[in-house]
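Chains as they are written, first to last, in my numbering: chain G, 1 to 529; chain V, 1001 to 1529.
2 protein chains.
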Amino acid sequence: MIWRYNKKAKSNHCKLLHKSKGECVLSIEKKATAFREYLKKISNYQEAIGLMAWDLRTGAPKKGVEQRSEVLGTLSSEVFSMKTSEEMKGFLDELTEEKTFGQLDEVTKGCLLECQKEYKKLTKVPAEEYSKFVVLTAKAESAWAEAKEKNDFPSFQPYLEKIVDFNRKYVDWIGYEGNKYNTLLDEYEPGLTVDILDGVFGQLREEIVPLVKEVTEASNQPATDFLFKHFPSKDQEALSKEILSSMQYDFDAGRLDTTVHPFAIGLNPGDVRVTTKYDEKDFRTAVFGTIHEGGHALYEQNIDKKYIGTPLCTGTSMGIHESQSLFWENFVGRNKAFWEKNYSLLKRYSPGQFDDVDLETFFRGINVAGPSFIRIEADEMTYSLHIILRYELEKALINGELEVKDLPDAWNDKMEEFLGIRPATDAEGVLQDVHWSGGSFGYFPSYALGYVYAAQLKKAMDKDIPNFDNLLQAGELAPIKEWLTANVHQYGKRKLPLDILKDVTGEGVNATYLIDYLKTKYRTVYQLV
Amino acid sequence: MIWRYNKKAKSNHCKLLHKSKGECVLSIEKKATAFREYLKKISNYQEAIGLMAWDLRTGAPKKGVEQRSEVLGTLSSEVFSMKTSEEMKGFLDELTEEKTFGQLDEVTKGCLLECQKEYKKLTKVPAEEYSKFVVLTAKAESAWAEAKEKNDFPSFQPYLEKIVDFNRKYVDWIGYEGNKYNTLLDEYEPGLTVDILDGVFGQLREEIVPLVKEVTEASNQPATDFLFKHFPSKDQEALSKEILSSMQYDFDAGRLDTTVHPFAIGLNPGDVRVTTKYDEKDFRTAVFGTIHEGGHALYEQNIDKKYIGTPLCTGTSMGIHESQSLFWENFVGRNKAFWEKNYSLLKRYSPGQFDDVDLETFFRGINVAGPSFIRIEADEMTYSLHIILRYELEKALINGELEVKDLPDAWNDKMEEFLGIRPATDAEGVLQDVHWSGGSFGYFPSYALGYVYAAQLKKAMDKDIPNFDNLLQAGELAPIKEWLTANVHQYGKRKLPLDILKDVTGEGVNATYLIDYLKTKYRTVYQLV
């Protein structure tokens, strides 16, 4: 049969909302209900937008992309309108009045604060500019994918120039304190500034560059030849699904698909999707990539259901989100204890690839570290250097100290400076990441912050779960997921990143734990102790 | 990375539309442009709704379904609002004025007539009732799938009762002429009535019931044992994709997925998706199911691009749509000439299943006909009897002569009456089809009309393409697709079903050609001539 959408529908949301318009006689309770209905409608639009975005990245036919990007533009514009409408202003004005606000429930209070912040920001931005931007980024992503495939930066340059230009203007519209880049940082990591990052990243760089050198020069390098044997995609997929399940990822509330640049997306806590990709010559891409995205997905699947239909029903920041994915990828997935349980599973799915490889050799092999070109395949030791590189380039672009046309060279120069290697192609250099084509500037630092946060969380978890490694050996990952749900997941966006950190660890951003962890781990892996 | 939708968007549609509001000084051209912008917005919403519907049927996680159905409700309600708004009324009033209308382009004229018809209908329906209905049907579909799986009609009955009740009220709201069921028929097949159908279906039934008897009693029955050997899904999928490509289905403008109840859906002409299912013990389900849905998809992929963003960018009726899928499934796919070309292809993908089966035996086998329970697996000879059964039950339900609780028995009685067999379970009886759970009443007759139309189109095509069978033998299907595009596809919804029929065949609905075709074909297959 040919599917036809149902032509016959009208919700009573609208009526409720229209009623609420300007009616100042409404009781506080009715006002709050109308406000929550309004937020529910916005959230429903965002869920539709989210599904379209997932679809665009997991196999939407290319001839439909241009029209689909217009659909995204239309719905995004409606979301923007609702978030900046007179109606929203009315809700905010009425419900944040001191004696009204005090009588509201916690969730509604949180929604009001979030919407107020967003309203102030969004109302500073010219409508047409944003409309153009949304359409631009939807098209830029396909252009990026093609440019990457063909190693053709010039074909992508005009898109990126428009995107950078937009972000520069965005800073002007919103305004900034201290450094222009702070405004973009705030989009992804509220409370973080260039001052803080220069400090944290400075400390990381200072300690890690020598560690990389030490490890690179170590006499006893891990064997890695066994990593690169043929491992069929379908077997990698079956393995990935088993690992996701053991992490307590709920397949009744999600699914696993393939894509160019893996991601996880929470449409609602009952539908949180993971994507991955399979390299038949390197199983690590899928295995660790899936564990990573699975960590993101666990966050979104375990947000308290009371936040559904509100702007609080998502991770609180990119950095905290990344702390979850990296916790699972590194503290669990690259931990020897984890493979004491799962090495036999891996062997069962692989075609004899590991038959004559003992666990110690395998463990050292999957933790091989050193300079490399591709961020998403970088080891946890060098990863933050890949991020610091992007951070410095973005900072320079936004502050007008660097132009897009000079980006490929600037990128390659920094790679040499940080890691002592220079990309032969832009595909393995400046074109490797999807983020900029999606318009995201200020996002990358969250990755390195995720490492820092994750190490801080692990330190705190050790107090509550002293037998962490034993649980991994037994394959009992539930208590670990429960701890993360209790301390991080459940709050959604109701708690700010630095508050979560403070409540769990008692301190602010502190790179020391990550540095200690990396030194201890890699000196062990490289038998330097 | 975790995907975040872009928070920053506002299209200029709204502005344009607000401008147009009430401004009677606008030039005709500006009014028409504003109207088309307005339609574009509606069409964009419908595309988002369509993608969600596709997703719900191709693997959306079940825990997200309830929330997703609310998203569908929200967007559908917006579409309803836009189609019935004062703004729409304003466009219709101003632009259909005689001297204004005459100055408009053909596409805009067609849009106005379509919107006017819909406006009149939709404005007769209570908003809340429709809102409830959309949410109901979204939930009913999951309930149906579960009920079918567990052969548990009572668990589905309350949903179906609400759906039937709604359709009865719908007829009262809209009004009807002659028979209440006519109002529902008009939803899918404008111009068709119970009077016409009783005539056409009567003639079919009169001629086909004896033909079924003749064929069932034929001494030389086709061998079929070779049909039911193990044929791996992945090989069936590869085969299905090759056949779709040979039909000129454009995979850059579509994709093939699996589902419970196969369908095709056109989101826009650049994104028309086909779904199928694989029965490893009967390859015919996938092969002929895919050709069938592929026929629907070719229609949607080849609508003239000038109709994109308008209500005319879809098939003109369910019956004409079905004529396309059935043309490909039966006149091409079950034609001996088609297999003279493709039998070797089939053999290449199957694991030795046909090694000792000659083409004649194969051809007779895939055309085995006779009484069976499942409509979508019925042969083309008995198919229309399955439809006439549903038609009579729907007619009785809508006219209040039958109640849902009595449906299973009524169904089984008619099966015995028409085909001499009685289903052992409701899963292979009244629960077999998705349509009613989706709220569709008046849809089924289109299937039988599709057969009748297809036979009429084939008769007309024979004049232009006398070497039809030679093209199939050569695997040159392009000219056939081109003929259908030229005579049917390109017009989208701009031409009414009976106009298309008139322009191509010179007459109205006529069952004679189908009856002649079936008699000739099945007397050959069963060696009765």
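Every residue, glycine too, gets a C-beta built ideally from N, C-alpha and C.
Exercise. Opposite ASN268 (chain G) in the DSSP bridges: which residues?
Worked result: G:ASP271
Problem set entry | Spatial neighbours of ASN151 (chain G) in its chain, beta-carbon cut-off 8 Å, leaving aside the 5 residues before and after | THR425, ASP426, ALA427, LEU431
For this session: State the Cα-Cα distance for the pair GLY202 (chain G) and ALA53 (chain G), rounded to the nearest angstrom.
Result: Taking the straight line joining both Cα atoms gives about 36 Å.
For this session: Anything in chain V within Cβ reach of VAL71 (chain G), meaning under 7 Å, just list it in chain order.
Result: ASN1044, GLU1047, ALA1048
For this session: Using the Cα positions of LEU1385 (chain V) and LEU1197 (chain V), report the straight-line distance between them to the nearest angstrom.
Result: 13 Å
For this session: Take every Cβ of the region 263-280 of chain G, pair it with every Cβ of the region 223-242 of chain G, and state whether three or more of those distances are shorter than 8 Å.
Result: With a cut-off of 8 Å, the region 223-242 of chain G and the region 263-280 of chain G count as touching, because enough Cβ pairs lie within range.
Exercise. If we ignore side chains and look at the alpha-carbon of each, how far apart do ALA147 (chain G) and SER155 (chain G) end up?
Worked result: The straight-line gap from Cα to Cα measures roughly 6 Å.
Exercise. Of all the beta strand (DSSP E) runs that stay within the bounds of the region 1208-1271 of chain V, which reach a length of 3 or more residues?
Worked result: 1256-1258, 1264-1268
Problem set entry | Continuous alpha helix (DSSP H) stretch holding ARG1057 (chain V): start and end | For ARG1057 (chain V), the enclosing alpha helix (DSSP H) begins and ends at 1028-1057.
Exercise. At a Cβ cut of 7 Å, what residues of the region 145-174 of chain G count as close to chain A, listed as they run along the chain?
Worked result: In the displayed structure, chain A is absent; the protein chains listed are G and V.
Exercise. Taking just the CA atoms, how far does ILE291 (chain G) sit from TRP1411 (chain V)?
Worked result: 51 Å
Exercise. Is the Cβ of ASP1088 (chain V) closer than 8 Å to any Cβ of chain G?
Worked result: Sequence inspection shows Met at residue 1088 (chain V); the Asp mentioned does not correspond to that position. MET1088 (chain V) does not count as touching chain G.
For this session: Kindly confirm or deny that the region 294-311 of chain G and the region 39-46 of chain G touch, where touching means at least three C-beta pairs closer than 8 Å.
Result: yes
Exercise. Relative to the alpha-carbon of TYR1517 (chain V), which residue among V:ASN1335, V:LEU1072, V:LYS1341, V:GLU1360 has its alpha-carbon at the smallest distance?
Worked result: V:ASN1335
Exercise. From LEU1244 (chain V) to GLY1294 (chain V), what distance separates their C-alpha atoms?
Worked result: 6 Å
Problem set entry | Euclidean distance between Cα positions of SER1372 (chain V) and ILE1421 (chain V) | 8 Å
Problem set entry | ALA1511 (chain V) versus LEU1449 (chain V): straight-line alpha-carbon distance, rounded | 9 Å
Exercise. If you compare alpha carbons, which of V:LEU1498, V:GLU1066, V:PHE1363, V:PHE1354 is closest to GLU1226 (chain V)?
Worked result: Strictly speaking, residue 1226 (chain V) in this sequence is Phe, with Glu absent from that position. Per the Cα distances, V:PHE1354.
Exercise. Excluding the five sequence neighbours on either side, which residues of its own chain have a C-beta within less than 8 Å of the C-beta of ASP1462 (chain V), listed in chain order?
Worked result: Hits under 8 Å: PHE1468.
Exercise. Alpha carbon to alpha carbon, what distance is there between ALA455 (chain G) and LYS1019 (chain V)?
Worked result: Bear in mind that the predicted position of LYS1019 (chain V) carries a pLDDT of just 42, short of 50, making it too unreliable to give a figure here.
For this session: Let me know if PRO1210 (chain V) comes out buried or exposed under the rule of 16 or more other beta-carbons within 10 Å of its beta-carbon.
Result: exposed
Exercise. For the putative contact between VAL1200 (chain V) and MET1381 (chain V), defined by C-beta atoms under 8 Å, what is the C-beta separation to the nearest angstrom?
Worked result: Not really, about 17 Å apart at Cβ, beyond 8 Å.
Exercise. Taking 8 Å as the CB-CB limit, is PRO1190 (chain V) close to chain G?
Worked result: no
Problem set entry | Members of the region 1304-1316 of chain V that neighbour chain G once the beta carbon cut-off is set at 9 Å | ILE1308, GLY1309, THR1314, GLY1315
For this session: For ASN1268 (chain V), return the contacting residues in chain G, with the cut-off set at a CB-CB distance below 7 Å.
Result: GLY64, GLN67
For this session: Establish whether the CB of LEU1075 (chain V) and some CB of chain G are separated by less than 8 Å.
Result: yes
Exercise. Does any C-beta atom of chain V lie closer than 8 Å to the C-beta of ALA60 (chain G)?
Worked result: yes
Problem set entry | Own chain residues within Cβ distance below 8 Å of ALA1253 (chain V), not counting five before or after | PRO1269, GLY1270, ASP1271, VAL1272, GLN1301
Exercise. Hey, THR1361 (chain V) and ALA1223 (chain V): beta-carbon distance below 8 Å or not?
Worked result: yes
For this session: My understanding is that GLU66 (chain G) touches LYS121 (chain G), with C-beta atoms under 8 Å, so please give their C-beta distance in whole angstroms.
Result: 29 Å between Cβ atoms; not a contact.
Problem set entry | Start and end residues, alpha helix (DSSP H) containing PRO1190 (chain V) | That residue, PRO1190 (chain V), is in no alpha helix (DSSP H); it is neither H nor E in DSSP.
Problem set entry | Contiguous alpha helix (DSSP H) assignments of at least 4 residues, all confined to the region 115-185 of chain G | 127-150, 153-174
Exercise. Under the rule that 16 or more other beta-carbon atoms within 10 Å means buried, what is GLU47 (chain G), buried or exposed?
Worked result: buried
Exercise. Does the beta-carbon of ASN330 (chain G) have 16 or more other beta-carbons within 10 angstroms, so that it is buried, or is it exposed?
Worked result: buried
For this session: Below 8 Å CB to CB, which residues in the same chain sit around VAL79 (chain G) once its five sequence neighbours on both sides are set aside?
Result: Excluding positions up to five away in sequence, the list reads ILE42, TYR45, GLN46, ILE49.
Problem set entry | Cβ separation of GLU1141 (chain V) and GLY1438 (chain V), assumed to be a contact under 8 Å, to the nearest whole Å | 6 Å
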